[in-house]
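**Q** Just so you know, the sequences run in chain order U and F. Quick note: our numbering has the first sequence finishing at residue 277, numbered continuously throughout. Quick note: our numbering has the second sequence finishing at residue 277, numbered continuously throughout. Backbone N, C-alpha and C define an ideal beta-carbon position, used for all residues, glycine too.
Protein chains: 2
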Amino acid sequence: MTATSQKDWTTDVREILRVGPGFRLSDVDADSSPGHNGDKDAGGRDLEAGVAQLEEYQERLFAASRSEATDASVLLVLQAMDTAGKGGIIRHVVGSVDPQGIMLTAFKKPTPEELAHDFLWRIEKRAPTPGMIGVFDRSQYEDVLIGRVRELAPPAEIERRYGAINDFEKRLSDAGTRIVKVMLHISPEEQKERLAERLERPDKHWKFNPGDIDERALWPAYMDAYQTVFDRTSTDHAPWYVIPANRKWYARLAVQALLLEALEDIDPQWPAATFDVEAEKARLAAS
Amino acid sequence: MTATSQKDWTTDVREILRVGPGFRLSDVDADSSPGHNGDKDAGGRDLEAGVAQLEEYQERLFAASRSEATDASVLLVLQAMDTAGKGGIIRHVVGSVDPQGIMLTAFKKPTPEELAHDFLWRIEKRAPTPGMIGVFDRSQYEDVLIGRVRELAPPAEIERRYGAINDFEKRLSDAGTRIVKVMLHISPEEQKERLAERLERPDKHWKFNPGDIDERALWPAYMDAYQTVFDRTSTDHAPWYVIPANRKWYARLAVQALLLEALEDIDPQWPAATFDVEAEKARLAAS
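The following block contains the structure:
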């Protein structure tokens, strides 16, 4: 049974999108909307229905952490090729909940200070604190994606990183963080259309970088690097989900559903009062 | 003329709420809705109408900062007595814009590390970077509010801080940050009702702290401390606005209006392309 009030799922979104043994990225149809029965309009209604549920879960998670009875948090990791829709997910899914409960980090090209440390140094500093929903817009995986494709580190160092990431994520998980790793998967043809739109519209020019076209030429190398990431780092404590993302409505709905499932697993409860409620009522009345 | 699409303002919200010479906090009616003609329903419609405008301004501000042509940012400082509605402002006004453009900080009781530095050390680290809307939930003003009322520092140190804050804010302002300082003003009777509600509802118990009632006994001392803050730190480059906040709809609408006015002053523009658009179209087509 799904936790969500999103009505048009035919199956558990985690089952259908999770990277398990034998997963092949090349088998995923970026145009598809697996597990969902509806069209764009139905998807929009489902997304709207999920907002109130996500808000309540988030507030409960935050409240529960104040009681010191739980250290639970959530970490959503977003990875994708350019234009795949990370920004839209953050704006429309993450942005639908109270910003006081969100810890969002956009990881850019590392600074000299960051490069002087191990690649996980800057990541660990932004791990969500108890009660928070952390969101990584890009992440430690850049260091084995662009890091590998662009040969920014020696092969042995890239090899080392997969294990280091697994150890790091296991430690976060053991400390109470539920990790949801998402790759938004678009087709190169879809990317071409989205880049063309950015070039057509003056209000989108700022989002365009000529380097985006250079990266396109490396598409197969990036897909290989993602496949290796999935083979090496989709673990029980931190599974990967590959979400077909040519349809933006589907990708947003799927990410919302994955967050809802993670929060339902935590099942945060309003904490009991740590004070004598009736005594405080009397004090308040006298104040 | 007001920049906003909020229709029911009868006058410039900045004029009517700004702390100017001779301002007396004790003259402000927390129940009032100065400058606004409508009721709660009209206020709700105005708030809704302002959201799209705020979103576009925020995106323009963010985009403009990418071009390096501008260092503009906005800083919203929120101060208030407990239950006055800071959280609601963050959720409903700040939360209506893209979280990627928001840099939100909730300042808590200082940690030992923070206390080992000057009081502005932790504040400066969270000043908004170019293109961002910074939001301070509590701020440097705690150090002259609770700091003064609870005598957490010697009187001479409290005195020093007003000047240090003015210097700090002038520096931020000179660097391109438009500062909007807001005090949400509720009456002690309204606070009593809101605290009573927190005690009635088990899902609100986590928001209640018995210390809140102790602070109520110090209400007049806090109002004095706020008056001194207004007398000493409402400057041209960083004015204070006192917003009657017994009506939540009014307070939210007023903060949104103040943000819209600040953004209109900046008037951020979509940056021009830094590349040859036609050449990039050709490269994309060939990719």
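1) Using a 10 Å radius around the Cβ and a threshold of 16 neighbouring Cβ atoms, would you call U:M(-9) buried or exposed?
2) Relative to the C-alpha of U:Y240, which residue among U:Q181, U:A106, U:Y216 and U:L37 is closest?
3) DSSP state of U:Q90, grouped into three classes?
4) What does U:P261 touch in chain F if you count any residue whose Cβ is under 9 angstroms from its own?
5) Does the Cβ of U:P144 lie closer than 7 angstroms to at least one heavy atom of the ligand ZN?
6) Consult DSSP for F:D255 and reduce its assignment to one of helix, strand or coil.
7) Closest by CA to F:Q90, which one among U:G25, U:L94, U:D88 and U:R273?
8) Strictly below 8 angstroms CB to CB, what residues from chain U border F:Q90?
9) Can you tell me which of F:L174, F:K(-3), F:V219 and F:T264 puts its alpha carbon nearest to the alpha carbon of F:I148?
10) Quick one: what's got a C-beta closer than 6 angstroms to U:T1's C-beta in the same chain, skipping five residues either side?
11) Quick one: grab the DSSP three-state call for U:F13.
12) Report the partner residues of U:I123 according to the DSSP bridge assignment.
13) Look up U:M213 in the DSSP assignment and say whether it is helix, strand or coil.
14) Would you report the Cα separation of U:L68 and U:W230, rounded to the nearest angstrom?
15) Measuring CB atoms only, is the segment 181 to 191 of chain F touching the segment 127 to 135 of chain F, in the sense that at least three cross pairs come out at less than 8 angstroms?
16) What residue range is occupied by the uninterrupted beta strand (DSSP E) comprising F:K171?
17) Give a yes or no on whether 8 angstroms exceeds the smallest Cβ distance from F:L185 to chain U.
18) So who's on the other strand from U:Y240, going by DSSP bridges?
19) Of the residues that make up the segment 7 to 24 of chain F, which ones have a beta carbon closer than 9 angstroms to any beta carbon in chain U?
20) Got a sec: is the Cβ-Cβ distance from F:T(-8) to anything in chain U below 8 angstroms?
21) Using 8 angstroms as the threshold, is the segment 2 to 20 of chain U in touch with the segment 53 to 64 of chain U, meaning 3 or more CB pairs across them?
22) Would you please verify whether the beta carbon of F:L68 is less than 8 angstroms from any beta carbon of chain U?
23) Indicate whether U:A207 and U:V139 have their beta-carbon atoms separated by less than 8 angstroms.
24) Mind checking whether U:G176 and U:A96 have CB atoms under 8 angstroms apart?
25) Going along chain U, which residues have a C-beta under 7 angstroms from F:R242?
26) Contact check, U:R161 vs U:S23 under 8 angstroms by CB: the rounded distance?
27) When the distance is taken between beta carbons, is F:S163 closer than 8 angstroms to F:T119?
28) Alpha carbon to alpha carbon, what distance is there between U:E46 and U:A(-7)?
29) U:L189 touches chain F at which residues, Cβ-Cβ below 7 angstroms?
30) Can the beta-carbon of F:L284 be found less than 8 angstroms from the beta-carbon of F:R4?
31) Measure the C-alpha to C-alpha separation of U:E251 and F:A146 and round it to an integer number of angstroms.
32) With a 10 Å radius around its C-beta and 16 neighbouring C-beta atoms as the bar for buried, classify F:P261 as buried or exposed.
33) Report the three-state DSSP secondary structure of U:V232 (helix, strand or coil).
34) In this structure, what does DSSP give as the bridge partners for F:Q130?
35) Using a cut-off of 8 angstroms between C-beta atoms, extract the partners of U:R140 located in chain F.
**A** Let me spell this out:
1) At U:M(-9), the pLDDT of 36 sits below 50, so the modelled position is not reliable; the number obtained from the coordinates is stated separately. With fewer than 16 other Cβ atoms within 10 Å, it is exposed.
2) U:L37
3) helix
4) H195 and W196
5) This structure simply doesn't include the ligand ZN, nor any ligand for that matter.
6) helix
7) U:L94
8) G77, I80, R81, L94, A96 and D127
9) F:V219
10) G25
11) coil
12) U:V64 and U:I92
13) helix
14) 10 angstroms
15) no
16) T167 to H175
17) yes
18) Beta-bridge pairing links U:Y240 to no other residue.
19) none
20) At F:T(-8), the pLDDT of 46 sits below 50, so the modelled position is not reliable; the number obtained from the coordinates is stated separately. False, the Cβ-Cβ gap to chain U never drops below 8 angstroms.
21) no
22) no
23) no
24) Checking the displayed sequence, the identity of residue 176 of chain U turns out to be Ile instead of Gly. No, they are not a contact pair.
25) The contacting residues do not exist; F:R242 stays about 14 angstroms from chain U at best.
26) Going by Cβ atoms, the distance from U:R161 to U:S23 rounds to 35 angstroms, so no, they are not a contact pair.
27) no
28) Residue confidence is low: U:A(-7) scores 49 on pLDDT, short of 50, so the model does not pin down where it sits. No coordinate-derived value is stated.
29) V267, E270, K271 and L274
30) Lying outside -9 to 277, the shown extent of chain F, residue 284 of chain F is not represented and no answer is given.
31) 55 angstroms
32) buried
33) strand
34) None; F:Q130 has no bridge partner.
35) Going along chain F, no residue has its Cβ under 8 angstroms from U:R140, so there is no contact; the nearest lies around 18 angstroms.
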